[in-house]
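Numbering (my numbering), first residue to last: 4 to 303.
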């Protein structure tokens, strides 16, 4: 185990909360920070450290940023109450949101002006693995940034992919992952509902296809949500228009055509337009089902 450190996890959503739990379990003094006071109170009740972030930021060794996007990341780092100006030189920001690579490079440069290291560290694995400390982290940054982040990485990750000594490479790899993950969820929903038109029930779809060549991790993870009629958001519909638009923006800058990504994006946009944005991303199946008049499990 790494020596005990003072660490803040900013963003206590489905991923950030699990990461904060894992950091706390590893023996660190862990501050959980969120705009949701109930999430902070829950974490404090589990043993998390309390106090205003502005009062303790100068005592922190590392800050993990687990927010939604680049705009929120920049606000946490350099906004009106931004943490970076108050951090000690030699400490580290571990930025976990899905962001464009050029944004990660810009944040690394701005943090460096304050003597603060920046680790470009997008995460993958879902809420359960976050709580288990078993995430995959696609990280890039200087050797000093990796060293300063080791306590958080050891506590939260099963696998840390060290992808280079400058920010941007981690975010580029995350974009590749999100392309696949978003497409896999959408095409799982398409295949499941297509099967229903042919008399294949969702539970039988999962039983058979999960053991056949057409399976994927996303199919095996998300299709059971549809079978159970449970759209409690482990990862919400609203994440995918953001992430797939990042993929397409990067593709455009590279003069690369990504038509399958674009098609998947339209299905998630349709789901959001139908009021499903806050539901689990498996709810994209409802778009297909409604288009052909199907009733999914749990629907009346």
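Glycine included, every Cβ here is placed at the ideal spot set by N, Cα and C.
In this text, all values refer to a predicted model and were calculated from it rather than measured experimentally.
Between residue 148 and the rest of its own chain, which residues show a CB-CB distance below 7 Å, the 5 nearest in sequence each way excluded? For the purposes of this step, residue 148 is identified with residue 145 of the chain shown, where counting begins at 1. The answer, listed in chain order, is 95, 120, 121, 122.
Spatially closest choice to residue 219 from 271, 190, 207, 240, by CA coordinates: Within the chain shown, residue 219 is the residue found at index 216, counting from 1. Ranking 271, 190, 207, 240 by Cα distance to residue 219 puts 190 first.
Span separating the alpha-carbon of residue 141 from that of residue 303: One-based indexing of the chain shown puts residue 141 at position 138. One-based indexing of the chain shown puts residue 303 at position 300. For residue 141 and residue 303, the distance between alpha carbons rounds to 42 Å.
Under the three-state reduction of DSSP, which class applies to residue 221: helix, strand or coil? To locate residue 221, count along the chain shown from 1; it is residue 218. If DSSP states are grouped into helix, strand and coil, residue 221 belongs with the helices.
Residue 18 versus 231, 170, 129, 73, residue with shortest Cα-Cα distance: For the purposes of this step, residue 18 is taken as the residue at position 15 of the chain shown. Closest option to residue 18, Cα to Cα, is 129.
C-beta atoms of residue 226 and residue 197 nearer than 8 Å: Residue numbering aside, residue 226 sits at position 223 when the chain shown is read from its first letter. Residue numbering aside, residue 197 sits at position 194 when the chain shown is read from its first letter. Cβ atoms of residue 226 and residue 197: not closer than 8 Å.
Residue 67 by DSSP, collapsed to three states: which one? Start at 1 with the first residue of the chain shown, and residue 67 comes out as number 64. Residue 67: strand per DSSP, three-state reduction.
Taking DSSP's pairing of strands, which residues face residue 35 in a bridge? The residue given as residue 35 occupies position 32 in the chain shown. Residue 35 pairs with 12.
Across which residues does DSSP place residue 131 in a beta bridge pair? One-based indexing of the chain shown puts residue 131 at position 128. According to DSSP, which records beta bridges pairwise, residue 131 is partnered with nothing at all.
Can you list, in chain order, the residues of its chain whose CB lies under 6 Å from that of residue 232, leaving out five sequence neighbours each side? Taking the chain shown and counting its residues from 1, the one referred to as residue 232 is at position 229. The answer, listed in chain order, is 300, 301.
Using a beta-carbon distance below 8 Å, is residue 257 in contact with chain C? Any reference to chain C falls outside this structure, which holds one protein chain only.
Please classify residue 215: is it buried, with 16 or more other beta-carbons within 10 angstroms of its beta-carbon, or exposed? Indexing the chain shown from 1 puts residue 215 at position 212. When all chains shown are included, residue 215 counts as exposed.
Please state if the CB of residue 35 and the CB of residue 7 are separated by a distance shorter than 8 Å. Residue 7 sits at position 4 when you count from the first residue of the chain shown. Residue 35 sits at position 32 when you count from the first residue of the chain shown. The answer is no: Cβ separation not under 8 Å.
If you measure between the beta carbons of residue 63 and residue 11, is that distance less than 8 Å? As a working mapping, residue 63 is identified with position 60 in the chain shown. As a working mapping, residue 11 is identified with position 8 in the chain shown. Result yes, Cβ atoms of residue 63 and residue 11 sit closer than 8 Å.
Using only CA atoms, which one of 183, 137, 90 lies nearest to residue 117? Along the chain shown, one-based indexing puts residue 117 at 114. Closest option to residue 117, Cα to Cα, is 90.
Could you tell me which of 253, 154, 205 sits nearest to residue 102, measuring between CA atoms? Within the chain shown, the letter at position 99 stands for residue 102. The shortest C-alpha separation from residue 102 is found at 253.
Grab me the residues of residue 57's own chain with a C-beta within less than 6 Å of its C-beta, minus the 5 sequence neighbours each way, in chain order. For the purposes of this step, residue 57 is identified with residue 54 of the chain shown, where counting begins at 1. Within the same chain, residue 57 has no close Cβ partners at all.
CA nearest to the CA of residue 283, picked from 260, 242, 110: Against the chain shown, residue 283 aligns to sequence position 280. The shortest Cα separation from residue 283 among 260, 242, 110 belongs to 242.
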